[in-house]
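Peer 1:
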Amino acid sequence: MKILTAEEIEAHHYHTLSGGVKGAVAGVIISGLIFKLAPMRFPKFRPAKMPWSLKTAMFITPPTLLTSICAEEASTAFEQQMYGSNATTNAAVEEHRRWKQLPLSEKLIEGASANKYKIIVAAWAASLYGSWKLVDRDPIMTKTQKAVQARMYAQTVTVMLLLGSIGLSMYEEKQHPDARKLEESRRWEKALERAEEEEANLKQSGHRTNEDRVNAKIFK
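For reference, each letter of the sequence shown is one residue, going 579 to 798 in this note's numbering.
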């Protein structure tokens with residue numbers, strides 16, 4: 579039985595909470611889409627005329643489900659990373675320790691860099707929807723003209739975000755020029771540790787390969 583340290587417990591709580599927050603955000607987005615888009619597709623579905631208790635239950639169901647599911651998945655992934663068959667080092671705890679020591683500005687930059695493509699896609703979708711709502715107020719333009727205009731606005735926002743992501747990558751490269759070398763060095767260290775552990779396990783179990791048996795003239 580392994581006794582967990584306070585740092586391992588804290589790292590586990592952090593990963594579980596992060597997964598739960600992601601699930602909650604995704605659930606709120608899904609609930610918003612249901613209440614906004616479902617009445618357009620199904621005219622008989624009218625949330626505005628429903629009682630508050632039913633609307634509340636419908637709205638909180640996706641966030642509640644996704645929060646519990648994503649938190650459980652994050653907890654399982656952390657345990658697998660820490661205590662799975664391929665786990666040789668406390669990489670998750672070390673990463674949590676490094677993240678905890680970063681200042682808030684560095685956390686924001688690193689988080690934005692790690693999720694830049696998700697941010698770009700989400701911002702593109704939001705800008706497309708927002709630009710359509712803005713352009714749709716014009717009573718003169720046709721639907722086709724409005725769609726083209728809204729797409730142009732969304733593309734402008736996307737290009738600006740792509741340029742921003744490039745600038746962010748350049749800033750990170752300038753701030754941490756040896757980051758790639760350090761990451762490669764860590765990978766080599768993990769590979770060597772894993773190989774040493776496998777070799778030690780083979781020696782302890784007394785397992786012999788076919789080559790060992792031939793060399794020892796033992797055939798079983």
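Every residue, glycine too, gets a C-beta built ideally from N, C-alpha and C. All values derive from a computational prediction rather than experimental measurement.
Hey, could you find the ends of the alpha helix (DSSP H) K694 is sitting in?
Peer 2: Taking the sequence shown and counting its residues from 1, the one referred to as residue 694 is at position 116. It spans K694 to V713 - the alpha helix (DSSP H) in which K694 sits, taken as one unbroken run.
Peer 1: I need the boundaries of the alpha helix (DSSP H) containing P629, first residue and last residue.
Peer 2: Locating residue 629 in the sequence shown gives position 51, counting from the first residue. Element bounds for P629: n/a, residue is neither H nor E.
Peer 1: Quick one: Cα of A703 to Cα of A732, how far?
Peer 2: Taking the first residue of the sequence shown as 1, we reach residue 703 at position 125. Taking the first residue of the sequence shown as 1, we reach residue 732 at position 154. Those two C-alpha atoms are separated by around 8 Å.
Peer 1: Using only the alpha-carbon positions, how far apart do R675 and G689 sit?
Peer 2: By one-based count along the sequence shown, residue 675 stands at place 97. By one-based count along the sequence shown, residue 689 stands at place 111. Going from the Cα of R675 to the Cα of G689 covers about 16 Å.
Peer 1: Using DSSP with H/G/I as helix, E/B as strand and the rest coil, what is I608?
Peer 2: Residue 608 sits at position 30 when you count from the first residue of the sequence shown. Reduced to three states, the DSSP call for I608 is helix.
Peer 1: When burial is assigned at 16 or more other CB atoms within 10 Å of the CB, is P641 buried or exposed?
Peer 2: For the purposes of this step, residue 641 is taken as residue 63 along the sequence shown, with counting starting at 1. Buried, since its Cβ has 16 or more Cβ neighbours within 10 Å.
Peer 1: Pick helix, strand or coil for P800, following the three-state DSSP scheme.
Peer 2: Past the boundaries of the shown model lies residue 800; the chain is included only from 579 to 798, so the question cannot be answered.
Peer 1: Is H591 helix, strand or coil by DSSP?
Peer 2: Walking along the sequence shown from the start, residue 591 turns up at place 13. Looking at H591 - three-state DSSP - the assignment turns out to be helix.
Peer 1: Flag this pair as yes or no: are the beta carbons of A589 and V699 separated by less than 9 Å?
Peer 2: By one-based count along the sequence shown, residue 589 stands at place 11. By one-based count along the sequence shown, residue 699 stands at place 121. No, they are not a contact pair.
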